[in-house]
Amino acid sequence: MLERIREGSQSFAAKAVLVLIILTFALAGVGSYVTGGADTTVAEVNGAEITQTEYDRAYENERSRLQEQFGDMFDAISSDPGYMKTVRANVMNQLIEQRLLIQYAQDHGMRISAAQVKQEIRDIPAFRTAGQFDNDVYLMALRNAGYTPESFANLMQNDLLRNQLLQALAGSEFALDSEILAILRLQEQTRSGGYLVARNADFIDQVELSEEEITQYYESNSQAFQAPERIKVEYVELSKADLMSDIEIADEEVRAFYDNRIDQYRTEEERRLSHILVEHGTENAEQKAQQALAELRDGADFADVAQTYSDDTFSAEVGGDLEWVERGMMDEDFDQAAFELENVGDVSDVVETSFGYHIIKLTDLRPGSVTPFEEVADEVRQQLVEQQLEDRYFQLQQQLAEVSFEQPDTLAPAAEAIGEQVRTTDLFARNRAPTPLSDDVILNNIFSENLIDERLNSDIIETSDDRSLVVRVLEHEPQHTRELAEVRDQIEQQLRTEKAQQMALEQAQQWQQQWAEGGSELDDQVVWFDSITMNTQEHPRGVVRNVFQMAPNAGDEPAMKAVELSNGDAVVIALTQVTPGNAELDEQADQIRQQLSNRQAQVILQAFIDTLKEDADITRKDI
1 MLERIREGSQ SFAAKAVLVL IILTFALAGV GSYVTGGADT TVAEVNGAEI TQTEYDRAYE
61 NERSRLQEQF GDMFDAISSD PGYMKTVRAN VMNQLIEQRL LIQYAQDHGM RISAAQVKQE
121 IRDIPAFRTA GQFDNDVYLM ALRNAGYTPE SFANLMQNDL LRNQLLQALA GSEFALDSEI
181 LAILRLQEQT RSGGYLVARN ADFIDQVELS EEEITQYYES NSQAFQAPER IKVEYVELSK
241 ADLMSDIEIA DEEVRAFYDN RIDQYRTEEE RRLSHILVEH GTENAEQKAQ QALAELRDGA
301 DFADVAQTYS DDTFSAEVGG DLEWVERGMM DEDFDQAAFE LENVGDVSDV VETSFGYHII
361 KLTDLRPGSV TPFEEVADEV RQQLVEQQLE DRYFQLQQQL AEVSFEQPDT LAPAAEAIGE
421 QVRTTDLFAR NRAPTPLSDD VILNNIFSEN LIDERLNSDI IETSDDRSLV VRVLEHEPQH
481 TRELAEVRDQ IEQQLRTEKA QQMALEQAQQ WQQQWAEGGS ELDDQVVWFD SITMNTQEHP
541 RGVVRNVFQM APNAGDEPAM KAVELSNGDA VVIALTQVTP GNAELDEQAD QIRQQLSNRQ
601 AQVILQAFID TLKEDADITR KDI
């Protein structure tokens, strides 16, 4: 959550999020439910409503973000009801936090002007055509997303206002030189001393166990002895990979496909253009454009004139370059003038379009061409194979779905209809599923209550590796506690280890007392270390970690400590000397300063939001 807040405190991220929302909804076509019907309230924050429409937009945007992040894995992830429930809860939480931040900013006098909102909208790349803000594109995008210009401007204003507050909070954090030096010197610090290990294995044979101890441990730790849910299924599998070998394409088909779709292999003429644009709103726009053209006719450099005269600031910075364009990509009047230029280097007269007055230069040319059949024959053949494979796969998939639905208590007819066999598994747990069923999408279906209770054929289950399956549960073994006899050896081993560790610790504590009293009989067993750093690999990690957690004694006597290690051993450690690091502020200091500042900003932001939540009146519905 805090990472997203930090990202949101940057203005470019705010634009990107808004563009993503627009494009997502333009593609998803959600206008029908966004604009229709009464809007319900899903949460209230200090009396301010969060509507179902706001939630739906945010949820769809989060789904799109996750789909882009996880790619082909998203289908498996999204089929897990528990995961998607968490996603929905997170979306709701984000909306509540955003509303709290906006309320705080407004209550404390923060404002975003209408001019600032307008400029931010004009700067969003998705609303630009040929480098210029296009009002038609803007309005079309808003309509597709279910916004009016007023509601979108309000959304943008709130986003900018929230970012203004977050920037004020996160941007004010810093780290002192003394803090940086303390970290650098700690990293360079060395410590000396010694340790003596009491090994768990040396005490295992001394451990005695009673029947009462075993039974009591079993009853107190019954959750540790749960046998996982297991299931036995039969299934029919349809795989694209298996169908591939049956596809044959004749040479005549390949040639006919190429001839009938020759336009697919034709490369259109491309032109690289530069332009100078004087917008209609500019004072004496046409006169200014004619003046720029006159300078070009007198031999002035096009790039210099573009930087001086062009209102298209993006292209003007690179000499007016618009890169490569094809017919139909630009405004009709612009397109006609650009493709009338005959030679590289030619410059048009002043051309008026809906944007203003242009001067166009042809800077490079790629003629159109047709790729010969011989060069694309393999590609065409593969395309035909994939097309026929897709058709065959779809046809068999429909047969599998229809027959398994019509006869839901057996898979034999469905398997026969598509020329496959019914496969049967043994009982298996979810984490030990047979390889063909180990896909998360399949397992989420198999272990669903409906399939287990009804024992009927499933719907078609599609996987990311181009397989379709229908599954039927044959047997189900619910999760249960194993009998004591099944886990007795495991319990005995655990109890012996624990008791041996306690005995090892008691031995280490005795050694600590002997060592502190000056007993020399331990000297030969002590492992000494001299001037080690916290990253040393020469000694056990648990020993090194504890050495650097110990505080040195004020006098000459060593600091001592007896502790258990994670591997079951125990150790007594003596810390004899601490040598401070001799570090100075250097190049590494800047990296540490940034890390500290970021960490402090994270803490501040989290604490700030937590405080807002504690003081707020928040009600929400289950989504």
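Oh and the sequence shown: position 475 is 475 in the UniProt record's numbering, straight run, nothing missing. For each residue, glycine too, the CB sits at the ideal point set by N, CA and C.
Worksheet item: Roughly how many angstroms lie between the CA atoms of Thr215 and Val563, to the nearest whole one?
Response: As a first step, residue 215 is located in the sequence shown; it is residue number 215 there, counting from the start. As a first step, residue 563 is located in the sequence shown; it is residue number 563 there, counting from the start. If you draw a straight line from the Cα of Thr215 to the Cα of Val563, it is about 29 Å long.
Discussion item. Let me check understanding here. Comparing Cα to Cα, which of Met244, Ile618, Glu557 and Leu341 lies closest to Glu517?
Written reply: As a first step, residue 517 must be located in the sequence shown, where it is residue number 517. Answer by Cα proximity: Glu557.
Discussion item. Could you give the first and the last residue of the continuous beta strand (DSSP E) run that contains Val224?
Written reply: One-based indexing of the sequence shown puts residue 224 at position 224. Looking at the sequence provided, one finds Ala at residue 224 rather than Val. Ala224 -> no beta strand (DSSP E), and no H or E assigned at all.
Worksheet item: What three-state label does DSSP hand Gly542 in the structure shown?
Response: On the sequence shown, residue 542 is found 542 positions in, with the first residue counted as 1. Taken through DSSP and simplified to helix, strand or coil, Gly542 comes out as helix.
Discussion item. Could you give the first and the last residue of the continuous alpha helix (DSSP H) run that contains Asp335?
Written reply: Along the sequence shown, read from residue 1 onward, the residue named residue 335 stands at position 335. Here the alpha helix (DSSP H) through Asp335 covers Glu332 to Ala338.
Discussion item. I'd like the list of long-range same chain contacts for Trp97, defined as Cβ closer than 7 Å, with 5 residues on each side in sequence excluded.
Written reply: Working through the sequence shown from its first residue, we reach residue 97 at position 97. Trp is not the amino acid found at residue 97; the sequence shown has Glu there. So the qualifying residues of the chain are Ile609.
Worksheet item: Does DSSP put Gly71 in a helix, a strand or coil?
Response: By one-based count along the sequence shown, residue 71 stands at place 71. In the displayed model, Gly71 falls within a helix according to three-state DSSP.
Worksheet entry | Cut-off 7 Å between Cβ atoms - residues of its own chain near Trp528, not counting five sequence neighbours on either side | Looking up residue 528 in the sequence shown gives position 528. Here the set comprises Gly194.
Practice prompt. Run through the region 415-487 for me and flag every whole beta strand (DSSP E) of 3 or more residues, listed as ranges in chain order.
Written response: Counting only runs of 3+ residues, the beta strand (DSSP E) found wholly inside the region 415-487 occupies 467-477, in chain order.
Worksheet item: Should Ala415 be labelled buried (16 or more other beta-carbon atoms within 10 Å of its own) or exposed?
Response: As a working note, residue 415 is residue 415 in the sequence shown. Counting C-beta atoms within 10 angstroms of its own C-beta, Ala415 has 16 or more neighbours from the protein chains shown and is therefore classed as buried.
Worksheet entry | N- and C-terminal bounds of the beta strand (DSSP E) containing Arg271 | Working through the sequence shown from its first residue, we reach residue 271 at position 271. Note, Arg271: beta strand (DSSP E), Glu270 to Glu279.
Worksheet entry | Run of the alpha helix (DSSP H) containing Gly82, from where it starts to where it stops | On the sequence shown, residue 82 is found 82 positions in, with the first residue counted as 1. Pro81 to Asp107 is the span of the alpha helix (DSSP H), which, as asked, contains Gly82.
Worksheet item: Under a three-way DSSP split, which group does Ile121 fall into?
Response: Walking along the sequence shown from the start, residue 121 turns up at place 121. Correct three-state label for Ile121: helix.
Practice prompt. Could you name the residues of the same chain whose beta carbon sits closer than 7 Å to that of Leu522, not counting the 5 residues immediately before and after it, in chain order?
Written response: For this step, residue 522 is matched to residue 522 along the sequence shown. Taken in chain order, the residues that qualify are Leu196, Trp511, Gln514 and Trp515.
Practice prompt. May I ask you to report which of helix, strand or coil DSSP gives Thr35?
Written response: Residue 35 sits at position 35 when you count from the first residue of the sequence shown. A caution first: Thr35 carries a pLDDT of 36, below 50, which makes its placement in the model too unreliable to give a value.
Worksheet item: Are at least three pairs of beta-carbons, each pair with one atom in the region 416-427 and one in the region 397-407, less than 8 Å apart?
Response: Segments in contact, yes.
Item to complete: Let me know the secondary structure DSSP gives Gly29 once reduced to three states.
Response: Along the sequence shown, one-based indexing puts residue 29 at 29. The pLDDT assigned to Gly29 is 33, lower than 50, so where the model puts this residue is not dependable; a value taken from the coordinates is nonetheless given after this. DSSP places Gly29 outside both helix and strand once states are collapsed to three, so it counts as coil.
Fill in: Closest Cα partner of Asn457 within the set Gln187, Thr410 and Glu269
Counting from 1 along the sequence shown, the entry for residue 457 is found at position 457. The residue among Gln187, Thr410 and Glu269 with its C-alpha nearest the C-alpha of Asn457 is Thr410.
Practice prompt. Compute the distance between the beta-carbons of Asn200 and Gly568, then report whether it is under 7 Å.
Written response: Position 200 of the sequence shown, counted from the start, is the residue given in the question as residue 200. Position 568 of the sequence shown, counted from the start, is the residue given in the question as residue 568. Taking C-beta atoms as the reference points, Asn200 and Gly568 count as a pair closer than 7 Å.
Discussion item. Which residue marks the beginning of the beta strand (DSSP E) containing Gln577, and which one marks its end?
Written reply: As a working mapping, residue 577 is identified with position 577 in the sequence shown. DSSP places Gln577 in the uninterrupted beta strand (DSSP E) bounded by Ala570 to Thr579.
Worksheet item: Cβ of Gly542 within 7 Å of Cβ of Leu575?
Response: Here residue 542 refers to the residue found at position 542 when the sequence shown is read from its first residue. Here residue 575 refers to the residue found at position 575 when the sequence shown is read from its first residue. When the beta-carbon positions are compared, Gly542 and Leu575 stay at least 7 Å from each other.
Item to complete: For Tyr393, name the three-state secondary structure that DSSP assigns.
Response: Counting from 1 along the sequence shown, the entry for residue 393 is found at position 393. In the three-state reduction of the DSSP assignment, Tyr393 falls in the helix class, which pools H, G and I.
Discussion item. Restricting to Cα atoms, I'd like to know which of Arg366, Thr51 and Gln606 is closest to Phe339.
Written reply: On the sequence shown, position 339 is the one that residue 339 refers to. For the residues Arg366, Thr51 and Gln606, the minimum Cα distance to Phe339 belongs to Arg366.
Practice prompt. Within its chain, find whatever has a CB closer than 6 Å to the CB of Leu396; leave out the 5 residues flanking it on each side and keep chain order.
Written response: Locating residue 396 in the sequence shown gives position 396, counting from the first residue. Sequence-distant Cβ neighbours of Leu396 in its own chain, meaning closer than 6 Å and more than five residues away, are Leu238 and Ile418.
Worksheet item: Can you tell me the Cα-Cα spacing of Gly71 and Glu279, whole angstroms?
Response: What you label residue 71 is simply residue 71 of the sequence shown in a count that begins at 1. What you label residue 279 is simply residue 279 of the sequence shown in a count that begins at 1. Taking the straight line from one Cα to the other gives about 42 Å.
Discussion item. With H, G and I counted as helix, E and B as strand and the rest as coil, what does DSSP make of Thr24?
Written reply: Within the sequence shown, residue 24 is the residue found at index 24, counting from 1. Summary for Thr24: the model assigns pLDDT 39, below 50, so the residue's position carries little reliability; its value from the coordinates is reported in the next sentence. Helix.
Item to complete: Mind checking which residues open and close the beta strand (DSSP E) that includes Tyr258?
Response: Reading the sequence shown from its first residue, position 258 is the one you call residue 258. Not the beta strand (DSSP E): Tyr258 falls in the alpha helix (DSSP H), residues Asp251 to Asn260.
Discussion item. Do Ile180 and Ala601 count as a contact pair if the criterion is CB distance below 7 Å?
Written reply: Taking the sequence shown and counting its residues from 1, the one referred to as residue 601 is at position 601. Taking the sequence shown and counting its residues from 1, the one referred to as residue 180 is at position 180. Going by beta carbons, Ala601 and Ile180 fall outside the 7 Å limit.
Fill in: Same chain, Cβ closer than 6 Å to Ile452, neighbours up to 5 away in sequence not counted
Counting from one through the sequence shown, the residue named residue 452 turns up at place 452. Non-local C-beta neighbours of Ile452 in its own chain, meaning closer than 6 Å and more than five positions away in sequence, comprise Val473 and His476, ordered along the chain.
Worksheet item: Is the beta carbon of Asp249 sitting closer than 7 Å to the one on Val376?
Response: On the sequence shown, position 249 is the one that residue 249 refers to. On the sequence shown, position 376 is the one that residue 376 refers to. The sequence given here has Ile at residue 249, not Asp. Not a contact, by the Cβ cut-off of 7 Å.
Discussion item. Mapping the DSSP letters down to three states, classify Tyr265 as helix, strand or coil.
Written reply: Reading the sequence shown from its first residue, position 265 is the one you call residue 265. Of the three classes helix, strand and coil, the one that applies to Tyr265 here is helix, per DSSP.
Worksheet item: Whose C-alpha, out of Tyr258, Arg488, Ser245 and Asn598, is nearest the C-alpha of Thr371?
Response: On the sequence shown, residue 371 is found 371 positions in, with the first residue counted as 1. It is Tyr258 whose Cα lies nearest to the Cα of Thr371.
Practice prompt. In the DSSP assignment, find the beta strand (DSSP E) that holds Leu322 and state where it starts and stops.
Written response: On the sequence shown, residue 322 is found 322 positions in, with the first residue counted as 1. For Leu322, the enclosing beta strand (DSSP E) starts and ends at Asp321 to Val325.
Fill in: Residue closest to Gln119, alpha-carbon to alpha-carbon, out of Met156, Asp489, Thr463 and Phe225
As a position in the sequence shown, residue 119 is number 119, starting the count at 1. Minimum Cα distance to Gln119 is reached at Met156.
Discussion item. Please report the straight-line C-alpha distance between Val45 and Gln103, rounded to a whole angstrom.
Written reply: To locate residue 45, count along the sequence shown from 1; it is residue 45. To locate residue 103, count along the sequence shown from 1; it is residue 103. Roughly 9 Å separates the two Cα atoms.
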